[in-house]
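Numbering (UniProt numbering) for the sequence shown: 1 to 185.
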Amino acid sequence: MSTPDSNVPTWVSQLRSPPGAKARVPGVPDPIGFSSGPSGSKKPNKDGKSQPPRKAPTGEEMETLKLKKAWEVALGPVKALPMTVIMMYMSGNSLQIFSIMMVFMAFKNPIAGLMATNQAFERFNTEKNAAQMLQTKLVYVAMQLVALGVGIWKVNSMGLLPTTRSDWLMWESLRESVDKAITAL
């Protein structure tokens, strides 16, 4: 009878028992960010000198970092606003599926953002930075309202907002256009 290892392909046997690590070539430094030693060892610097492992940040540094990240979240809606405005402008003012989807997303995203304001900032909240977090939340709400205003602008440019008296009153006549178009032969 044959042994079970005799029918196994070589790649399977190599996968079961991988070859040992290759010896390091002297004079060739490791790539940046790579350490060939164990994870607790000192990493070599660019100059080849070893440096101690990074110390843990202090409480004050963590508070500063959390506040910076909270401001990034607060200003996030405005970073997407220029692209949204360009897409809305380019979609035109007629009622088409693309422009309807753009208007839907222009209302859905800010409303969902406003409803989830506390959840967006709860990971950054601490007892020390409560007043500063209130400022970032107010800025976040203001940026979401600006994004909502862009959606209202688009609906108005499509002619869907009732802004004249004739939109509300049945007996009011529509405005007459002063321009006349005559076709040429």
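Ideal Cβ placement from N, Cα and C applies to all residues, glycine included. For clarity, every value in this text was computed on a predicted model and none was experimentally measured.
Beta-carbon proximity of residue i to residue j, cut-off 7 Å
{"i": "Glu63", "j": "Lys108", "result": "no"}
{"i": "Met105", "j": "Ser91", "result": "no"}
{"i": "Thr10", "j": "Ala74", "result": "no"}
{"i": "Phe121", "j": "Ala70", "result": "yes"}
{"i": "Pro82", "j": "Gln144", "result": "no"}
{"i": "Leu160", "j": "Pro110", "result": "no"}
{"i": "Asn93", "j": "Met170", "result": "no"}
{"i": "Glu176", "j": "Arg165", "result": "no"}
Close beta carbons around residue i, own chain, < 7 Å, minus the five adjacent residues each side
{"i": "Ala112", "result": "none"}
{"i": "Asn125", "result": "Met133"}
Enclosing alpha helix (DSSP H) for residue i [first to last residue]
{"i": "Asp167", "result": "165–168"}
{"i": "Leu114", "result": "97–115"}
{"i": "Trp71", "result": "59–74"}
{"i": "Ile86", "result": "81–90"}
{"i": "Val25", "result": "Per DSSP, Val25 belongs to no alpha helix (DSSP H) and is neither H nor E."}
{"i": "Met133", "result": "130–157"}
{"i": "Thr126", "result": "Element bounds for Thr126: n/a, residue is neither H nor E."}
{"i": "Val12", "result": "10–16"}
Cβ neighbour criterion (16 or more within 10 Å) applied to residue i
{"i": "Met133", "result": "buried"}
{"i": "Pro18", "result": "exposed"}
{"i": "Lys154", "result": "buried"}
{"i": "Lys66", "result": "buried"}
{"i": "Ser99", "result": "buried"}
{"i": "Met88", "result": "buried"}
Spatial neighbours of residue i in its chain, beta-carbon cut-off 6 Å, leaving aside the 5 residues before and after
{"i": "Gly151", "result": "Ala106, Phe107"}
{"i": "Pro57", "result": "none"}
Proximal residues to residue i (C-beta, below 8 Å), its chain only, five neighbours per side dropped
{"i": "Met1", "result": "Annotation note: pLDDT 47 at Met1 (below 50); position unreliable, coordinate value reported separately. Taken in chain order, the list of residues that qualify is empty."}
{"i": "Val141", "result": "Leu114, Thr117"}
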